[in-house]
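Residue numbers (the working numbering): 93 to 356.
Here is the structure:
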């Protein structure tokens, strides 16, 4: 059971769907003060209903000014942050036969720059918590796709790989300030986003299982929270194979039909 001394001030983005929804429900049930962000005001209102420890902060993470305003609202409401979980994201698959730069930009906007804007807003509040003697933590949801190039994942995989690299570099620079950085690399999770995929998703887990793995990893301040481990360890192993072997494996997964677009 969470005691008063254990309760944290938390900001979670991508809070109304999939993994974010499962995390939000658990964090609220545990009694933390949780600021919840997503694009849909109505979905946020429904999620926060009946929880006096919830602060709805509707925004599009790809809108830098909106994220800045959210940071100001967080400062007014919480004073500081003990934990920021930058979870919002999207996925669209690229068809190399009809190369579309706009698609790449659409994916990078929330997946990479949305997280960067969130970091810009969260860092001053995490520093306030550290100055008050706390042990703040910054976390971001990447993907197992960051470990290994996959067919049609040029935009999605690159956005997540960029995020992982950015966060790992930032971890080094924040270590001296006492601010922890955790990366979350899920495999396949059953969400409205992945329900639209038209390919096999081995070892796909529920959002409940994903939320449990993430919260356990955050509690332990793990640097890399990845799950399901049988799947993610295999993907990581494939990612360090020689390029010729990676190419042959990737070619076996290449498809010739139309790409699928998903958005949340």
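Even for Gly, the Cβ is constructed at its ideal location relative to N, Cα and C.
Taking C-beta to C-beta, are residue i and residue j nearer than 8 Å?
| i | j | result |
| --- | --- | --- |
| residue 108 | residue 139 | yes |
| residue 207 | residue 178 | yes |
| residue 213 | residue 281 | no |
| residue 323 | residue 251 | no |
| residue 327 | residue 236 | yes |
| residue 279 | residue 320 | yes |
| residue 238 | residue 226 | no |
| residue 275 | residue 317 | yes |
| residue 120 | residue 145 | yes |
| residue 104 | residue 129 | yes |
| residue 166 | residue 127 | yes |
Nearest to residue i by alpha carbon, out of the options?
| i | options | result |
| --- | --- | --- |
| residue 314 | 120, 344, 263 | 263 |
| residue 358 | 311, 310, 284, 154 | Residue coverage of the chain in this structure runs from 93 to 356, which leaves residue 358 outside it and unanswerable. |
| residue 143 | 202, 124, 226, 152 | 124 |
| residue 155 | 147, 164, 209 | 209 |
| residue 184 | 243, 147, 110 | 243 |
| residue 305 | 288, 277, 329 | 277 |
| residue 150 | 215, 131, 135, 165 | 131 |
| residue 258 | 271, 269, 247, 234 | 234 |
By DSSP's criteria, residue i is part of a beta bridge. Which residues make up the other side?
| i | result |
| --- | --- |
| residue 230 | 176, 273 |
| residue 104 | 128, 177 |
Would the beta-carbon of residue i be found less than 7 Å away from any heavy atom of the ligand HEM?
| i | result |
| --- | --- |
| residue 245 | The model on display carries no ligand, and the ligand HEM is accordingly not part of it. |
Count the other CB atoms, across all protein chains shown, that sit within 10 Å of the CB of residue i; report buried if there are 16 or more and exposed otherwise.
| i | result |
| --- | --- |
| residue 101 | buried |
| residue 193 | exposed |
| residue 110 | buried |
*Contiguous beta strand (DSSP E) assignments of at least 3 residues, all confined to the region 261-328*: 272-278, 316-319
*Give, in chain order, every unbroken run of the beta strand (DSSP E) that is at least 3 residues long and sits entirely within the region 113-172.*
125-129, 146-148
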